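Structure first, then comments.
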Amino acid sequence: MTIKSFTKQDIVSFQPDLIKRFIELCFEGVFIENLEGDILECNDSGCKMFGYTKEEMLGKNIRDFLMEEDAINLPKPLTEDHLTDNKYLEKINKRKDGSLIYIEIKINHIFINKKKYRIAFIRDISEKKKLEEERLKTMKMLLERNRTKNLIISTISHDLLNYFGNLKNLVDIFDSPDEYGGLDRVTSFIPLLKKSAYDSYDLLNSLLNWAHEHIHQPTFAPKQQNLKPIATTTLQLFTDRAKQKKIQLNNLSSENAWAWFDSHMISSVLRNLISNALKFTPSGGSITLQTECTPDYLNCSIRDTGLGMSPTKLSTLFNLKTHSSEPGTNNEKGNGLGLILCKEFVEQNHGQLTVQSQPGEGTCFTFTLPVRPPSTHSKHE
């Protein structure tokens, strides 16, 4: 909007040579306006800053350069608040081509023939703002990397505690063969011991590779992949432990369980959820891993026939301050961090983790994963 509340005669009488020479020598953009915001004089630096010629600039109103919200809120004529000397502002303005420019404005006033005018010194701070945004982005990245590092340490300690605990139990059997049916019977556990050792080694190697990737990269690495083979491999890690507790493991994941996720993170989620289910499911029970595809999300559930949880326990499950660990049905130990890590990892993969449980009726954990990159699928309801 351009306000024509002045005449050419006003401009001519307002342009003594001294003022014109002064503003042309300024590196900053300089604009002289009347109290209605009409531009009566400006220098070449100011014109170039906004992409206009001087002829195009003279006669425009400052509202022509403001964002719509700022233009609406600016009174006409300007109030005393807007006329205060040495007023300092940072604003986003519009150039002639429609692009945006961050500007720093310092406002003062001059009197000519006893009439008050406003003089604005304007500096382009777009580059400064860009650097500030990059600095904030870097700080956010560093904070996220530190947070990820802490999660890595917690994940490794939590996962390894379970698997090396099983390995330790097998070693204890060999240390006291008479308590387990004699030497002949104990030697039958050698294949189990070997498999447990190899599984623990593979798990440690996988976790260390994942840690290396996440320490040296600020973001996780999701891609389109099938959850089925990951679910199958993860369940196989728990075969021996499930046999020891006489628990049936059921893999009902679909053959084409495709989704967009970081395989290392989701493998850790599956390990923690299955380990947790084994911990609280008594002998003779079952654990079922199942997937279901929807247009936007893949749902993965781990359901057990275990002890279940009370509403009070459910309310503290994912809270770092109030979480606690209880012994399993065979007095298995834990630190209570596994489920918190699961929630963190699922949410970082743009999914949700939910739980349903009743005391004595078992528990079902369900997490979702987007089937496409998050920017291309609908918002999670």
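The numbering of the sequence shown is this note's numbering, which starts it at 3 and goes up by one. In this text, a Cβ means the ideal position worked out from N, Cα and C, and glycines have one as well. Bear in mind that the values here come from a model prediction, so they are computed numbers and not experimental data.
Hey, quick one: how far does the alpha helix (DSSP H) through residue i stretch, first residue to last?
i      : result
GLN246 : 241-247
GLY48  : 46-52
LYS281 : 265-281
PHE367 : Segment 365-372 is the beta strand (DSSP E) holding PHE367; no alpha helix (DSSP H) there.
GLU346 : 340-350
GLU30  : Note, GLU30: premise wrong, no alpha helix (DSSP H); not H, not E.
GLU181 : Element bounds for GLU181: n/a, residue is neither H nor E.
Count the other CB atoms within 10 Å of the CB of residue i; is the residue buried (16 or more) or exposed (fewer)?
i      : result
LEU20  : exposed
ILE342 : buried
GLY100 : exposed
ILE74  : Its pLDDT being 45, under 50, ILE74 is placed unreliably in this model, and the coordinates cannot settle the point.
LYS345 : buried
THR81  : Because the pLDDT at THR81 is just 45, under 50, the model does not fix this residue reliably, and the point stays unresolved.
PRO79  : Per-residue confidence for PRO79 stands at a pLDDT of 49, beneath the threshold of 50, marking its modelled position as unreliable; the derived number appears in the next sentence. It counts as exposed.
ASP180 : exposed
TYR90  : exposed
GLU57  : exposed
GLY388 : Here the chain covers residues 3 to 383 and nothing more, so residue 388 does not appear.
ILE112 : exposed
THR293 : buried
ASP66  : buried
LYS62  : buried
MET141 : exposed
PHE24  : exposed
Could you tell me the boundaries of the beta strand (DSSP E) in which residue i lies?
i      : result
PRO313 : Counting along the chain, PRO313 falls outside any beta strand (DSSP E), though it belongs to the alpha helix (DSSP H) covering 313-317.
ASP306 : 299-306
LEU309 : Segment: none, LEU309 is in no beta strand (DSSP E) and carries neither H nor E.
When the Cα of residue i is compared with those of the options, which residue comes out closest?
i      : options                        : result
LEU254 : SER303, GLU30, LEU272          : SER303
LYS116 : ASN95, ILE124, ASN36, SER269   : ASN36
LYS196 : LEU162, ASN168, LEU185         : ASN168
SER317 : ILE121, PRO284, GLY308, SER359 : SER359
LEU162 : CYS28, ASN274, LEU237          : ASN274
GLY308 : ARG137, GLN292, GLU146, GLY286 : GLY286
GLY353 : VAL271, PHE282, PRO284         : VAL271
LEU172 : SER198, ASN152, LEU133         : SER198
GLU106 : LEU300, GLU30, ALA233          : GLU30
LYS108 : ILE121, LYS50, LEU229          : ILE121
LEU300 : GLY61, THR283, SER256          : SER256
PRO193 : ASP242, GLN292, LEU133         : ASP242
VAL348 : GLY364, SER377, ALA261         : ALA261
ILE127 : GLN227, ILE103, LYS118         : ILE103
TYR54  : LYS139, LYS22, THR140, LYS98   : LYS98
GLU92  : ARG23, PRO376, LEU355, ILE124  : ILE124
Can you give me the Cβ contacts of residue i inside the same chain, cut-off strictly under 7 Å, excluding the 5 residues immediately before and after it?
i      : result
ILE175 : TYR182, VAL188, PHE191
ASN278 : GLY340, LEU341
ASN351 : PRO224, PHE263, ASP264, MET267, ILE268, LEU371
THR236 : SER269, LEU272, ARG273, ILE276
LEU206 : LEU162
LYS248 : SER285, GLY286
LYS118 : LEU37, HIS111
Going by the DSSP bridge assignment, what does residue i pair with across the sheet?
i      : result
ARG120 : GLU35, HIS111
ALA1   : Here the chain covers residues 3 to 383 and nothing more, so residue 1 does not appear.
ASP126 : ILE105
ASP66  : For ASP66, which the question treats as bridged, DSSP gives no partner whatsoever.
ASP174 : ASP174 is not bridged to any residue.
TYR90  : LYS108
VAL357 : PHE367
ASN95  : LEU68, ILE103
CYS295 : LEU300
LEU251 : ILE289
ASP186 : Its beta-bridge partners do not exist; DSSP assigns none.
GLU43  : ILE34
Looking only at its own chain, which residues have a Cβ that is under 8 Å from the Cβ of residue i, when we skip the five neighbours before and after it?
i      : result
ALA244 : GLN250, LEU251, LEU280, ILE289
PRO361 : LEU309, GLY310, MET311, SER312
GLU129 : none
THR234 : ASN253, SER255
Who are the near neighbours of residue i in its chain, counting only those whose CB is closer than 6 Å to its CB and skipping five residues on each side?
i      : result
PRO220 : Because PRO220 carries a pLDDT of 44, less than 50, the predicted location of this residue cannot be relied on, and no value is offered for it.
VAL357 : PHE367
ARG305 : THR290, CYS366
PHE33  : ILE41, CYS44, GLY48, ALA122
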